[in-house]
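For reference, the structure discussed in these notes is given below.
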Amino acid sequence: MNKLKEKVLKAQENGDIASLYVLESEAHELLNDDGLQGFYANILDLALEKLTNTLEAHRQMDMSEVQDFATARALYEYAIEHYHAGKNKDASALFEVLSGLTNDEKFSKAMKLHQISADENLNIDNFLDKIADIESTQRSGTFYISEFQKEAQKLLDNA
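371 is the number of the first residue of the sequence shown in my numbering; add one for each residue after it.
Dropping the structure here:
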């Protein structure tokens, strides 16, 4: 347990979100629910700090750069949490930010579909059932919902 704490502390001090994600499975084995909440809160805090720095520098994140990739993942998970909680306006705003945050066109387009779905008050279950193509997304290996059903194009056309 102390070794995990040392590794987590070092990653936090270095602002290393990617290393925290590497420690994720170990954290699940050793930490209780409160500890896990703290673990993920640390990832989110670092991601929000990196987001602020990126926006202030007027730059896009490079998805081929490990820390930018990990930051985008953390922010996406945060947006999905809001969407899952029924906070569609908050989720939509986060998806909008994410859509312009990176240099990855596929990620950007996917975030636009997430945003439109949240704006249309489509709940997360309907989004997953009618818009997202979960099987294709799993095959693609992305950390975000990246593949969509034909219904998604109708949503784009009507937006």
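Glycine included, C-beta positions come from ideal geometry on N, C-alpha and C.
Taking the alpha helix (DSSP H) that glutamine 485 belongs to, which residues open and close that run? Taking the sequence shown and counting its residues from 1, the one referred to as residue 485 is at position 115. From DSSP, the alpha helix (DSSP H) with glutamine 485 extends over 475 to 489.
Can you tell me whether phenylalanine 497 is helix, strand or coil according to DSSP? Start at 1 with the first residue of the sequence shown, and residue 497 comes out as number 127. Helix, per DSSP.
Can the beta-carbon of alanine 427 be found closer than 8 Å to that of isoleucine 387? Position 57 of the sequence shown, counted from the first residue, corresponds to residue 427. Position 17 of the sequence shown, counted from the first residue, corresponds to residue 387. No, they are not a contact pair.
Which residues in the same chain as methionine 371 place their Cβ atom closer than 8 Å to its Cβ, once the five residues preceding and following it in sequence are excluded? Indexing the sequence shown from 1 puts residue 371 at position 1. Excluding sequence neighbours, methionine 371 sits near Leu400.
Using 8 Å as the threshold, is the C-beta distance between phenylalanine 518 and isoleucine 501 below it? Reading the sequence shown from its first residue, position 148 is the one you call residue 518. Reading the sequence shown from its first residue, position 131 is the one you call residue 501. Contact flag set, yes.
Start and end residues, alpha helix (DSSP H) containing lysine 459: By 1-based counting over the sequence shown, the position of residue 459 is 89. Note, lysine 459: alpha helix (DSSP H), 458 to 471.
Alanine 427, DSSP secondary structure in three states: Here residue 427 corresponds to residue number 57 of the sequence shown, with the count starting at 1. Coil, per DSSP.
Name the two residues that bound the continuous alpha helix (DSSP H) containing tyrosine 446. Sequence index remark: in the sequence shown, residue 446 carries index 76 (1-based). Tyrosine 446 -> alpha helix (DSSP H) spans 436 to 454.
Inspect the beta-carbon positions of alanine 374 and leucine 393 and report whether they are closer than 8 Å. The residue labelled residue 374 in the question sits at position 4 within the sequence shown. The residue labelled residue 393 in the question sits at position 23 within the sequence shown. Reading off the sequence shown, one finds leucine at residue 374, where the question assumed alanine. Their beta carbons are under 8 Å apart, which means leucine 374 touches leucine 393 by this criterion.
Note down the Cα distance separating glutamate 451 from aspartate 403, rounded to an integer number of angstroms. Taking the first residue of the sequence shown as 1, we reach residue 451 at position 81. Taking the first residue of the sequence shown as 1, we reach residue 403 at position 33. Just so you know, the alpha carbons of glutamate 451 and aspartate 403 end up roughly 17 Å apart.
Taking all protein chains shown into account, do 16 or more other C-beta atoms lie within 10 angstroms of the C-beta of serine 462, making it buried, or fewer, making it exposed? Reading the sequence shown from its first residue, position 92 is the one you call residue 462. Result: buried.
Can you name the residues that DSSP bridges to phenylalanine 518? Residue numbering aside, residue 518 sits at position 148 when the sequence shown is read from its first letter. Per DSSP, Ala502.
Cα-Cα separation, serine 510 to histidine 484: Residue 510 sits at position 140 when you count from the first residue of the sequence shown. Residue 484 sits at position 114 when you count from the first residue of the sequence shown. Each residue's alpha carbon lies about 17 Å from the other.
Buried or exposed for aspartate 499, going by 16 or more other Cβ atoms inside 10 Å? The residue given as residue 499 occupies position 129 in the sequence shown. Counting Cβ neighbours within 10 Å, aspartate 499 comes out exposed, since fewer than 16 surround it.
So which of Lys524, Thr472, Gly456, Arg443 has the shortest CA-CA distance to leucine 414? Taking the sequence shown and counting its residues from 1, the one referred to as residue 414 is at position 44. Closest by alpha carbon: Arg443.
Out of curiosity, what's the CA-to-CA distance linking serine 478 and valine 378? By 1-based counting over the sequence shown, the position of residue 478 is 108. By 1-based counting over the sequence shown, the position of residue 378 is 8. So the two alpha carbons sit approximately 30 Å from each other.
Contact check, leucine 526 vs isoleucine 494 under 8 Å by CB: the rounded distance? As a working mapping, residue 526 is identified with position 156 in the sequence shown. As a working mapping, residue 494 is identified with position 124 in the sequence shown. 19 Å between Cβ atoms; not a contact.
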